[in-house]
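Colleague: A single structure is presented below for examination.
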Amino acid sequence: MTTLTVVAPDGAPEVGPGDDLATLLLPLVDLVDGDVVVVTSKVVSKSEGRVRAGTRDEALPGETARVVARRGPTTIVRTHHGLTMAAAGIDASNVEAGTVVLLPEDPDASARRLRSAIHQRTGLNVGVVVTDTAGRAWREGQTDIAVGAAGLLVSEDFAGRVDGHGNELAVTAPAVADEIAGACELAQGKLGGRPFAVVRGRADLVLPAGEHGTGAVALVRAEGGDLFGYGAREAVLRALRGDAADRAPFGAPAAPAELAAAVAAVLGVPAAEASYGLEVEVGAEHAPVLAALAFAHGWELVPDTAGARVAGRVGVRPVTP
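Throughout, our numbering is defined as the position within the sequence shown, counted from one, plus 37.
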């Protein structure tokens, strides 16, 4: 039997620029080796001076690597950390009116500093997770996720193991740092003024002292690795525009058969194999549609055939990195 306990202590003071989080945390908890210390990104940001005067909209451009989707007042962006979040994780709650809190510049580094400070002052080896609240595709509501981590296996890899029925697991990889973050949010609450929590019972996830591990950045999919790099409307617009700078979120070039199937479904014509990729017989009026289909699949029109100037046959080829 495994027992997991989560403690979110009361008594944490208001955090300001320059405050030492280890000094604030240690009097509130009784730590042991193998514990996981969890701290909200908001107090990390406050201690690191990441509070700004103004509104979310005013701060958003500086925290945005690119826009993923917009729906009315909601803007989903990919941050400079690689996180995909509403308003870049900028928060206007639990902060003075007229100010907002930005995410830490490097949450993994913040976690490493706190872990090292705890070890230096207590001799204890703990893991540290920095959390923030995020929504999820396909699901209503929000949950806390790990945006920073140190001294912790942030995910477990079960690929190749066998379940109780003898089935080999292929891609099972629990994001345990996120699961820890979500469990702690249940104890901390949004309005309880409890920014710290301690998880006990998963010492197997805590790395040896001095080994900080990959950090939570390992849970961030690389640009192009996300199947939903743009919102639905935005994906259509980006493909039609065909700007090379917009290619990365569409991912690696699709297989020829996949593009050929898309051409048949949209244009109703077959695509033949060619030395450079595929060749499609379309009229000039359909060449822009073919160009958009190619772009969305990581392909491009072969320049000397673009516009169906060669007997109505347009070539397409995969885009090389």
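The C-beta atom is built at its ideal place from N, Cα and C for all residues, glycine as well.
Starting from the N-terminal side, write out each stretch of the alpha helix (DSSP H) that is 4 residues or longer and does not extend beyond the region 259-320.
Modeller: Segments of the alpha helix (DSSP H) lying fully in the region 259-320: 269-278, 293-304.
Colleague: Just how far apart, CA to CA, sit Gly135 and Pro54?
Modeller: Approximately 17 Å between the Cα atoms of the pair.
Colleague: Going straight from the alpha carbon of Thr357 to that of Glu295, what length do you get?
Modeller: Roughly 17 Å separates the two Cα atoms.
Colleague: Is the region 184-203 touching the region 276-284, taking contact as three or more C-beta pairs under 8 Å?
Modeller: Counting Cβ pairs under 8 Å, fewer than three are found: no touch.
Colleague: Please list the terminal residues of the continuous beta strand (DSSP E) segment that includes Leu338.
Modeller: Taken as a continuous stretch (DSSP letters only), the beta strand (DSSP E) holding Leu338 covers 336-338.
Colleague: By how many angstroms is the C-alpha of Glu205 removed from the C-alpha of Arg275?
Modeller: Cα to Cα, Arg275 sits roughly 40 Å from Glu205.
Colleague: With a 10 Å radius around its C-beta and 16 neighbouring C-beta atoms as the bar for buried, classify Val347 as buried or exposed.
Modeller: With a pLDDT of only 49 at Val347, under 50, the local geometry of the prediction cannot be trusted, and the value read off the model is given with reservation. Val347 should be labelled exposed.
Colleague: What does the alpha-carbon distance come out to for the pair Gly344 and Gly320?
Modeller: At Gly344, the pLDDT of 46 sits below 50, so the modelled position is not reliable; the number obtained from the coordinates is stated separately. Cα-Cα distance, rounded: 8 Å.
Colleague: Counting only the same chain and skipping the five closest in sequence on each side, list residues whose C-beta sits under 8 Å from that of Gly314.
Modeller: Closer than 8 Å at the Cβ level, and outside the excluded window around Gly314, lie Pro293, Trp336, Val339, Gly352, Val353, Arg354, Pro355.
Colleague: When you compare each of Val44, Ala311, Val73 to Leu151 by their alpha carbons, which one comes out closest?
Modeller: Here the closest residue by C-alpha is Val73.
Colleague: What whole-angstrom Cβ distance do Pro232 and Ala59 have, given they're in contact under 8 Å?
Modeller: Not quite, the Cβ-Cβ distance comes to about 13 Å (not below 8 Å), so this is no contact.
Colleague: Kindly indicate which residue of Glu85, Ser153, Val69, Leu41 has the alpha-carbon position closest to the one of Asp56.
Modeller: When each option's Cα is compared against that of Asp56, the closest is Glu85.
Colleague: Are Val137 and Arg89 closer than 8 Å when you measure CB to CB?
Modeller: For Val137 and Arg89, yes; Cβs fall inside 8 Å.
Colleague: Any contact of the region 216-232 with the region 151-162, i.e. 3+ C-beta pairs under 8 Å?
Modeller: No, they do not touch.
Colleague: Check whether the Cβ atoms of Ala285 and Glu260 sit closer than 8 Å, and answer yes or no.
Modeller: Their beta carbons are under 8 Å apart, which means Ala285 touches Glu260 by this criterion.
Colleague: Could you tell me which of Ala240, Val167, Ser153, Pro64 sits nearest to Val254, measuring between CA atoms?
Modeller: Out of Ala240, Val167, Ser153, Pro64, Val167 has the C-alpha closest to the C-alpha of Val254.
Colleague: What number of angstroms, rounded off, separates the C-alpha of Gly305 from the C-alpha of Asp215?
Modeller: So the alpha carbons of these two residues sit roughly 45 Å apart.
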